[in-house]
Amino acid sequence: MSPRSALTRLVAATLTLLLGACTDIPTSGPVTEVTVSAEGRGVQIAPEPPQKGMSASRIVEGFLQAMADPTSDYEVARQYLSSSVRGQWAPRRATVVYDGWVEAAGDGLELRGTTRGTVDAVGRFTVSRESLTHDFGLVQEAGEWRVSAPPEGVLLSSYIFARSYNSARSYFIARSGQAVVPEPLHLPASEITPGRIVEAQLAGPGTFLSSGVRNAIPAGTRLGAAGAVVDSSGVVTVALEGVPQGLGDVERRELGAQLLWSLSSIPKVSGLHLVVDGRPYPLPGQNDKQVLELSSQQDYQPLSKAGSADLYGVHEGRAGKLSADTSFIPLTSDGASAEMTAISLDGAFTATVAGSPATVRIGPSGDAPIQVDTGLTRAGSVHFAQGRLWLLGRGSSGEQRLLSVSPQGEVAAIDLSALPGEVVDFSLDASGTRAAVLLGIGGATRFGAASLIEGNRMVGWQEVPLTASQEKELSDAVALDWTGEVNVAVVASAGSGKSVFVVAVDGSEVTDLGPVSASPVQVTALPRPGGDAVSVRAADGTVLLYEQHGTWQQAKTPMTWISYPG
């Protein structure tokens, strides 16, 4: 059978898989989410080697499926290659995730479509929207079709990527203080192992994160011959070599925290036993069995400090919160006016903003606040991060300004000059290291991320193009807020009308929480691992609270500002 006449069979097999459960895997699919949890989800892909007499289209289909399995250096996928290239193919150079299809081209078969992104050798995802064409160079050897032109690295459809790669996190120490900051990793399901996680740690943070964090693992450190293994109780023993002698308590404490939090990407990991150059290595805080327990390292995880899940806001000029039945409960009885309000993640501090120029009232929750005159006009965004209040507005000359205010009333100005546009909305993560930012650039609003360094400079802006289902680009974004360590809630459009999307900060995943009937102007989310508390506010004060299973509940009380803690 010729490649051209076999095309119908390939398309039919693709449609069969999309409509039901069979062993044929399509080259594309209507997938919105393109990452999975560390535990995995969806169908399990089990590629099979080529069978005698397979058609050209089945060979291409099998090869595309087999590239999802890295077992034994992609042993199954190599069997689909011609003998001349089988040993030369380098699948680990990169992984390209795409949306596309296979079609006849002359006497051969080509993959055509658009890339979604690339995954580097460490596991970092980078959005990439480029045209993709690849000719597989089909040839016959001993009467069997084989691929003579494999890609540089691996090609995976977004459908297969979502089902064969799992997500993990490699943590590094925030430059701004004692906190771990995650870098998302995307790895084949079979390679979510302690050794692979430690290798990502040794590689250090990528450029996307590096300006805001530091690697607690000293340069020159190597993974030892014993590697990294986890026992039945969840304790990982990591063998390192080349760690410098004489590290101080703080350095060793950060080394342990960074390694252990990264290894916690693997389910049931509970502790770390570190061996350096063949000998147990003491880590501050370890128990009498020389195990550093994850439960002892919670102070490094900012989201562990999350307290109340109540929704706060402003109603009729007063700050308060919603009760269980969404009625309004004022925070104080002093009658103080408010236009915006914010609460720290742990609930320890409360702030209100009112007036123009804006006056901030800030202090411990339940106690008398202090008053701070900021000089800002048209204040438009306010929230807490790392125990400080962050307030965006305009200076006396109309220039955009971002200030931070401590609970003691200390005010610091943030340098925004490195950003290539005006800030439409921003949200700092719980570590105070990364900012999710909407920037106005060239008449359009762009989503991206930047790093806050030295507590007063926003640098390293990187745009992250976002694509929802059916390859629709998100546009007209108006508001955002962090929902967890690596996810951000964004109000934007993907066609007609506004929806709330939860997006991964690296652009690898876009999940639509469903359209909202109102005209949303603000979104707030509770930043915690589940990330399930999201609310939006419309221009007319209507407040919608997200319910699981994709529904929105309208609160009884209209508000002019809303804010979850954090």
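The sequence shown lines up with residues -1 to 564 when you count with the working numbering.
Ideal placement from N, C-alpha and C gives every residue a C-beta, glycine not left out.
For residue i, the first and last residue of its enclosing alpha helix (DSSP H)
{"i": "residue 256", "result": "247 to 261"}
{"i": "residue 205", "result": "205 to 208"}
{"i": "residue 421", "result": "Premise fails: residue 421 lies in the beta strand (DSSP E), 420 to 426, not in any alpha helix (DSSP H)."}
Residue i vs residue j beta-carbon contact at 9 angstroms
{"i": "residue 374", "j": "residue 405", "result": "no"}
{"i": "residue 166", "j": "residue 182", "result": "yes"}
{"i": "residue 551", "j": "residue 562", "result": "no"}
{"i": "residue 67", "j": "residue 186", "result": "yes"}
{"i": "residue 559", "j": "residue 416", "result": "no"}
{"i": "residue 238", "j": "residue 245", "result": "no"}
{"i": "residue 508", "j": "residue 542", "result": "no"}
{"i": "residue 146", "j": "residue 136", "result": "yes"}
{"i": "residue 426", "j": "residue 411", "result": "no"}
{"i": "residue 292", "j": "residue 262", "result": "yes"}
{"i": "residue 437", "j": "residue 418", "result": "yes"}
{"i": "residue 492", "j": "residue 518", "result": "no"}
{"i": "residue 51", "j": "residue 142", "result": "yes"}
{"i": "residue 271", "j": "residue 241", "result": "no"}
{"i": "residue 348", "j": "residue 317", "result": "yes"}
{"i": "residue 433", "j": "residue 424", "result": "yes"}
{"i": "residue 134", "j": "residue 206", "result": "no"}
{"i": "residue 180", "j": "residue 484", "result": "yes"}
{"i": "residue 569", "j": "residue 452", "result": "Nothing about residue 569 can be read from this structure; the chain reaches only from -1 to 564."}
{"i": "residue 130", "j": "residue 113", "result": "yes"}
{"i": "residue 388", "j": "residue 379", "result": "yes"}
{"i": "residue 398", "j": "residue 390", "result": "yes"}
{"i": "residue 350", "j": "residue 328", "result": "no"}
{"i": "residue 281", "j": "residue 214", "result": "no"}
{"i": "residue 516", "j": "residue 502", "result": "no"}
{"i": "residue 211", "j": "residue 170", "result": "yes"}
{"i": "residue 97", "j": "residue 471", "result": "no"}
{"i": "residue 578", "j": "residue 176", "result": "Examination of residue 578 is not possible in this model, given that the chain is present from -1 through 564 alone."}
{"i": "residue 94", "j": "residue 151", "result": "yes"}
Assumed close pair residue i, residue j - CB separation to whole angstroms, cut-off 8 angstroms
{"i": "residue 89", "j": "residue 64", "result": "At roughly 10 angstroms, the Cβ-Cβ gap does not stay under 8 angstroms, so residue 89 and residue 64 are not in contact."}
{"i": "residue 534", "j": "residue 546", "result": "The Cβ separation is near 16 angstroms, so there is no contact."}
{"i": "residue 585", "j": "residue 449", "result": "A query on residue 585 cannot be resolved here, the shown segment of the chain reaching from -1 to 564 and no further."}
{"i": "residue 305", "j": "residue 344", "result": "5 angstroms"}
{"i": "residue 447", "j": "residue 435", "result": "7 angstroms"}
{"i": "residue 548", "j": "residue 511", "result": "6 angstroms"}
{"i": "residue 557", "j": "residue 315", "result": "At roughly 11 angstroms, the Cβ-Cβ gap does not stay under 8 angstroms, so residue 557 and residue 315 are not in contact."}
{"i": "residue 532", "j": "residue 481", "result": "6 angstroms"}
{"i": "residue 107", "j": "residue 55", "result": "6 angstroms"}
{"i": "residue 57", "j": "residue 47", "result": "Their Cβ separation, rounded to whole angstroms, is 11 angstroms, which puts residue 57 and residue 47 out of contact at 8 angstroms."}
{"i": "residue 439", "j": "residue 403", "result": "No, residue 439 and residue 403 are not in contact; Cβ-Cβ is about 28 angstroms, not under 8 angstroms."}
Extent of the continuous beta strand (DSSP E) to which residue i belongs
{"i": "residue 219", "result": "Here residue 219 belongs to no beta strand (DSSP E), and DSSP marks it neither H nor E."}
{"i": "residue 238", "result": "233 to 239"}
{"i": "residue 142", "result": "142 to 145"}
{"i": "residue 172", "result": "163 to 172"}
{"i": "residue 338", "result": "338 to 341"}
{"i": "residue 284", "result": "Run containing residue 284: none; DSSP gives neither H nor E here."}
{"i": "residue 182", "result": "178 to 186"}
{"i": "residue 601", "result": "Nothing can be reported for residue 601: it is not among the residues displayed for the chain, which extend from -1 to 564."}
{"i": "residue 155", "result": "152 to 155"}
{"i": "residue 138", "result": "136 to 139"}
{"i": "residue 190", "result": "From DSSP, residue 190 is part of no beta strand (DSSP E); its letter is neither H nor E."}
{"i": "residue 409", "result": "409 to 412"}
For residue i, the residue or residues it bridges with in DSSP
{"i": "residue 550", "result": "544"}
{"i": "residue 399", "result": "391"}
{"i": "residue 213", "result": "Partner(s): none; residue 213 has no beta bridge."}
{"i": "residue 471", "result": "465"}
{"i": "residue 272", "result": "236"}
{"i": "residue 195", "result": "According to DSSP, which records beta bridges pairwise, residue 195 is partnered with nothing at all."}
{"i": "residue 496", "result": "491"}
{"i": "residue 456", "result": "450"}
{"i": "residue 561", "result": "310"}
{"i": "residue 445", "result": "436"}
{"i": "residue 278", "result": "273"}
{"i": "residue 290", "result": "270"}
{"i": "residue 478", "result": "488"}
{"i": "residue 509", "result": "500"}
{"i": "residue 226", "result": "236"}
{"i": "residue 297", "result": "Paired residues: none, contrary to the question."}
Every unbroken beta strand (DSSP E) inside the region 58 to 129 [3 residues or more]: 93 to 103, 106 to 117 and 123 to 125
Quick one: which unbroken beta strand (DSSP E) runs of 3-plus residues sit fully inside the region 304 to 390? Chain order, please. 310 to 313, 316 to 320, 326 to 328, 338 to 341, 347 to 352, 357 to 362, 368 to 371 and 375 to 383
What are the complete alpha helix (DSSP H) segments, minimum 4 residues, inside the region 514 to 538? none
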